[in-house]
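Trainee:
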Amino acid sequence: MSAPNAAPNAAAGAILPGVRWSLVRDLKIALRSRAELGVQLLFYVIVVSLFPLATTPERTLLATMGPGVLWVAALLASLLSLPRLFAGDHADGTLEQIALSPYPLEALVSGKILAHWLTTGLPVAVLAPLLGIQYAMDAESLIVLAAALLVGTPILSLLGAIGAALTLGLRAGGSLLALLILPLYVPVLIFGAGSVDAVRAGLGAGANLSLLGAGLLVAVVGAPFAAAAAVRIALD
Amino acid sequence: MLEALDLAARRGLAHLFTGLCFRVDPGQVLVVTGANGTGKTTLLRMLAGLSMPSHGEIRWQGKRVAPFATAVRAAIAFAGHLPALKDELTAEENLASLVALAGAPPAREAIRQALDAVALSRQRALPARVLSQGQRRRIGLARLAVLGRSFWVLDEPVTALDAAGTDLLARMVADHLERGGVAVAATHAPLGLPESRVRPLTLG
Amino acid sequence: MASLNWFKYASPVAFFPLAGRMIPWFSWAAAILTAVGLYIGLVMAPTDFQQGEAYRIIFIHVPTAWMSMFLYVVMACWSALALGFGTRLSAMMAQAIAPTGALMTFVALWTGAFWGRPTWGTYWAWDARMTSELILLFLYLGVIALRNAIDDPRRADRACAVLSLVGVVNIPIIYFSVKWWNTLHQGSSVSMTAAPQMAAIMVTGMLVMSFAAWFYAIAVVLARLRTIMIDRERGAAWVAGLPEVRNA
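These protein sequence lines are chains A, B and C, in that order. No gaps in the numbering here: position 14 of the first sequence is -3 in this note's numbering, and each next residue is one more. To convert, count from 1 in the second sequence and add 10; that's this note's numbering. To convert, count from 1 in the third sequence and add 817; that's this note's numbering.
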């Protein structure tokens, strides 16, 4: 049994294997609970369909509202699924094993966040253009909307992971998470939904998408550290 | 080698324990006993590096270690209250995944052999959801065997194990100590270890 | 020599009496400066030819808005110290600042609304600064809510510290995004916080009121800090020996 003793030292700085471990495992588990994934997407579709019922089916008004509604619903869908990011592992003792692993905790957390995005944000980004048709949005708007969601939803997962880790195991969990994270989501919402407005105003979505992209880079670099710190605090 | 100097833990305003000092040399096991609520789990989690003591220091191999220290994470196998198993994964997948987490992506044969050694060969392709508590605990034992780490921290390891399982655990701990490993165990079960290897510690 | 003195006061036991001695000084300074500042603002400053008498509310609105942002940064600094050095007093300072910061934000929002009504005909106009101020209030409330939700004081200290630091990094980003959104959608040039042409006397008045708000904040935060210290250290002998506690 001497070979396994050498491995932990090699794993100490290894980022990609750490990311891959939690990414593959979380995806495997998520795909085996397929019903859960379906429910999340169904929630998104229902929420988006509620707004016209509450306001008006008038096409020009819907077209104005469309990007905003699709984005806010994406935020809500993200918030709904975030508590589960760490709670499952926390409840069965896996989180302690993850924290004690020689792999960097930031890498393991990044893998979980990536798996979360692939199972929530990415499907939303793919589904939104289809729902945008309900809102009388034209093809150009729909393409820009999809692109903005593709760049923006990972940011939601990254920032949300910090909130999920901070509120691990707390009674008020879900609502508290929303209170903590929604203010931080505001820039993503503004630039994301604003991208469609910019295109309609003839300004092009370049500025918005660049800002979102920059935000994504900053979040990719910074959020795993904050989330890992929060996980360690929650395990204390 | 594990050392604790003047260790203290708080819960709210009260202290669970204060002024704890002990030393565990290679080949020895610290057996922690005490009534419920005296801080056994808290102490074990501190020694594993999961939480910070409110006072005092912990030393591993002579050097002071903070929570989540790299040196400890490379050497430790921690078995807490919960067996860290996923219901959706099979016994084999669970074991392979946990071993890979510790930095050693395992060969499939090694995993199968480990499950055979804990009498789970027929259950290896079953999802953990359908396994009994005792069987889940055995997967934990298999993990300890495959990892081969030098520092074992075991919190109530005989929970849900039957007589055969307890014997297996006792043998595994004895072998671990013989190889020069260090162990800390919170348990009331007699493990049948020679007295020279056991350092008892009673809390409360 | 100076560094020795600092660390002497880094323990709750030593800082408690020092804080107690500081509070009356800052309270009196705040009261006097408030009186002076309000005199300047309400009596001495001339009537604005655009906005009439209603503009005078900026003598409260602007100082509280500045303090709301300043206090968040100070809270974040103490949080950084608490995370970096693990000192309880730093964490207690951060804990003491949050409610006062939230109050300042709240007052800034209300006075802003009352300024907007007579001036622009509306209580709320979604302008960049007011909207950012509203989000700042949510950030403060989030820190306070997180503190209340966690029972273990040590975990609460560290979690709130992480949250404050994430917040302080995001505040400029949030402000930038809201300003960008606001300029894009600007129909009329409604800006609730566009300052009137500032006569020197008005600037003086606002500066005096800002210092008043600052000293008020220091006095209140120190008083709250002492209460927090008594509460969190109540098992300790030095707390049991305090006159306030013995006579309670």
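Where a beta carbon is used, it is the ideal one built from N, C-alpha and C, also for glycine.
#1: Quick check: the Cα distance between A1057 (chain C) and I967 (chain C), rounded to an integer number of angstroms?
#2: For the putative contact between A148 (chain A) and V201 (chain A), defined by C-beta atoms under 8 Å, what is the C-beta separation to the nearest angstrom?
#3: For the candidate residues B:R207, B:L187, B:T212, B:D185, whose alpha-carbon lies nearest to that of A196 (chain B)?
#4: Rounded to the nearest angstrom, what separates R42 (chain A) and A119 (chain A) at their Cα positions?
#5: List, in order along the chain, the chain B residues whose C-beta lies closer than 9 Å to that of R17 (chain A)?
#6: If you measure beta-carbon to beta-carbon, which residues of the segment 1032 to 1054 of chain C are closer than 7 Å to chain B?
#7: Out of C:W941, C:L980, C:W932, which one is the CA nearest neighbour of G959 (chain C)?
#8: Please report whether the beta-carbon of L23 (chain B) lies at a distance below 8 Å from any beta-carbon of chain C.
#9: Can you name the residues that DSSP bridges to P210 (chain B)?
#10: Considering only residues of the same chain and omitting the five flanking positions on each side of L133 (chain A), which have a CB-CB separation below 7 Å?
#11: Any chance the CB of A1016 (chain C) is under 7 Å from a heavy atom of the ligand ADP?
#12: Can you give, in chain order, each stretch of the alpha helix (DSSP H) that sits fully within the segment 871 to 947 of chain C and has at least 4 residues?
#13: For the alpha helix (DSSP H) holding K95 (chain A), just list the boundary residues, first then last.
#14: Check I68 (chain B) in the structure and name its three-state DSSP category.
#15: Kindly say whether D219 (chain A), judged by its beta-carbon, lies nearer than 8 Å to any beta-carbon of chain B.
#16: Say whether chain A places a C-beta atom closer than 8 Å to the C-beta of S828 (chain C).
#17: Tell me, to the nearest whole angstrom, how far the beta carbon of G83 (chain A) is from that of F32 (chain B); I am working on the premise that it is less than 8 Å.
#18: Residues of the segment 167 to 179 of chain A with a CB closer than 7 Å to any CB of chain C: list them in chain order, please.
#19: Does DSSP put H91 (chain B) in a helix, in a strand, or in coil?
#20: Among A:V171, A:V169, A:A176, A:L68, which one has its Cα closest to the Cα of A98 (chain A)?
#21: At the level of alpha carbons, what is the spacing between V890 (chain C) and A827 (chain C)?
#22: Using a C-beta to C-beta distance shorter than 8 Å, which residues of chain A count as neighbours of T80 (chain B)?
#23: Enumerated in chain order, which unbroken segments of the beta strand (DSSP E) with a length of 3 residues or greater are wholly contained in the segment 108 to 177 of chain A?
#24: Does A82 (chain A) get closer than 8 Å to chain F when you measure Cβ to Cβ?
#25: In the DSSP output, what is D165 (chain B) paired with across the bridge?
#26: Could you give the distance in angstroms between the alpha-carbon of F34 (chain A) and the alpha-carbon of L10 (chain A)?
#27: Starting from A188 (chain A), trace the beta strand (DSSP E) both ways and give me its first and last residue.
#28: Strictly below 8 Å CB to CB, what residues from chain A border L888 (chain C)?
#29: Strictly under 8 Å for the Cβ-Cβ distance: is L110 (chain A) near chain C by that measure?
#30: Between B:D97, B:G214, B:L12, which lies nearest to I86 (chain B) when the distance is taken from Cα to Cα?
#31: Rounded to a whole number of angstroms, what is the C-alpha to C-alpha distance between P204 (chain B) and P210 (chain B)?
#32: Below 7 Å on C-beta distance, what does A74 (chain A) contact in chain C?
#33: Residues in the same chain with beta-carbon distance under 7 Å from T176 (chain B), minus the five sequence neighbours each way, listed in chain order, please.
#34: Would you mind telling me which residues of chain A sit closer than 7 Å to L980 (chain C), beta carbon to beta carbon, in chain order?
#35: Whole angstroms is fine: what's the gap from A190 (chain A)'s alpha carbon to L105 (chain A)'s?
#36: What is the DSSP secondary structure of I(-2) (chain A), reduced to helix, strand or coil?
Mentor: Result, derived from the coordinates:
#1: If you number the third sequence from 1, residue 1057 (chain C) lands on position 240. If you number the third sequence from 1, residue 967 (chain C) lands on position 150. Using only the alpha carbons, I get a separation of about 26 Å.
#2: As a first step, residue 148 (chain A) must be located in the first sequence, where it is residue number 165. As a first step, residue 201 (chain A) must be located in the first sequence, where it is residue number 218. At roughly 18 Å, the Cβ-Cβ gap does not stay under 8 Å, so A148 (chain A) and V201 (chain A) are not in contact.
#3: By one-based count along the second sequence, residue 196 (chain B) stands at place 186. Closest by alpha carbon: B:T212.
#4: Position 59 of the first sequence, counting from 1, holds the residue named residue 42 (chain A). Position 136 of the first sequence, counting from 1, holds the residue named residue 119 (chain A). Going from the Cα of R42 (chain A) to the Cα of A119 (chain A) covers about 6 Å.
#5: Within the first sequence, the letter at position 34 stands for residue 17 (chain A). Here the premise fails: no neighbours, minimum Cβ distance about 11 Å.
#6: R1051, G1052
#7: Counting from 1 along the third sequence, the entry for residue 959 (chain C) is found at position 142. Per the Cα distances, C:L980.
#8: Counting from 1 along the second sequence, the entry for residue 23 (chain B) is found at position 13. By this cut-off, L23 (chain B) is an interface position.
#9: To locate residue 210 (chain B), count along the second sequence from 1; it is residue 200. DSSP, once it has assigned bridges, lists B:V41 as partnering P210 (chain B).
#10: Reading the first sequence from its first residue, position 150 is the one you call residue 133 (chain A). Only A108 meet the Cβ criterion.
#11: Absent from the structure shown: the ligand ADP. Ligands present: none.
#12: 875 to 902, 905 to 937
#13: Along the first sequence, read from residue 1 onward, the residue named residue 95 (chain A) stands at position 112. K95 (chain A) -> alpha helix (DSSP H) spans 88 to 102.
#14: On the second sequence, position 58 is the one that residue 68 (chain B) refers to. Note: I68 (chain B) maps to strand in three-state DSSP.
#15: Position 236 of the first sequence, counted from the first residue, corresponds to residue 219 (chain A). So, interface residue.
#16: As a working note, residue 828 (chain C) is residue 11 in the third sequence. Chain A contact via Cβ: absent.
#17: Along the first sequence, one-based indexing puts residue 83 (chain A) at 100. Along the second sequence, one-based indexing puts residue 32 (chain B) at 22. The question names Gly, but residue 83 (chain A) in the sequence shown is Leu. Not confirmed; about 21 Å, so no contact.
#18: L167, V169, P170, I173, F174, G177
#19: Working through the second sequence from its first residue, we reach residue 91 (chain B) at position 81. Three-state result, H91 (chain B): coil.
#20: In the first sequence, the residue the question calls residue 98 (chain A) occupies position 115. When each option's Cα is compared against that of A98 (chain A), the closest is A:L68.
#21: Numbered from its first residue, the third sequence carries residue 890 (chain C) at position 73. Numbered from its first residue, the third sequence carries residue 827 (chain C) at position 10. Rounded to whole angstroms, V890 (chain C) to A827 (chain C) spans 20 Å at the Cα level.
#22: Numbered from 1 along the second sequence, position 70 holds the residue referred to as residue 80 (chain B). A(-5), P85, listed in chain order.
#23: none
#24: Absent from the structure: chain F. Protein chains present are A, B and C.
#25: In the second sequence, residue 165 (chain B) corresponds to position 155, counting from 1. Per DSSP, B:A196.
#26: Along the first sequence, read from residue 1 onward, the residue named residue 34 (chain A) stands at position 51. Along the first sequence, read from residue 1 onward, the residue named residue 10 (chain A) stands at position 27. F34 (chain A) and L10 (chain A): Cα-Cα distance of roughly 32 Å.
#27: One-based indexing of the first sequence puts residue 188 (chain A) at position 205. Note, A188 (chain A): premise wrong, no beta strand (DSSP E); not H, not E.
#28: Mapped onto the third sequence, residue 888 (chain C) falls at position 71. Ordered by position in chain A, no residue passes the 8 Å Cβ test against L888 (chain C), which lies about 17 Å from the chain.
#29: Here the question's residue 110 (chain A) lines up with position 127 in the first sequence. L110 (chain A) does not count as touching chain C.
#30: For the purposes of this step, residue 86 (chain B) is taken as the residue at position 76 of the second sequence. Taking only the C-alpha atoms, the option nearest I86 (chain B) is B:L12.
#31: The residue given as residue 204 (chain B) occupies position 194 in the second sequence. The residue given as residue 210 (chain B) occupies position 200 in the second sequence. Each residue's Cα considered, the two are about 12 Å apart.
#32: One-based indexing of the first sequence puts residue 74 (chain A) at position 91. Chain C residues near A74 (chain A): none, gap ~18 Å exceeds 7 Å.
#33: Start at 1 with the first residue of the second sequence, and residue 176 (chain B) comes out as number 166. These residues qualify, in order along the chain: V168, A199.
#34: For the purposes of this step, residue 980 (chain C) is identified with residue 163 of the third sequence, where counting begins at 1. Going along chain A in sequence order, the residues near L980 (chain C) (Cβ under 7 Å) are L149, L163.
#35: Residue numbering aside, residue 190 (chain A) sits at position 207 when the first sequence is read from its first letter. Residue numbering aside, residue 105 (chain A) sits at position 122 when the first sequence is read from its first letter. Approximately 22 Å between the Cα atoms of the pair.
#36: By 1-based counting over the first sequence, the position of residue -2 (chain A) is 15. Three-state result, I(-2) (chain A): coil.
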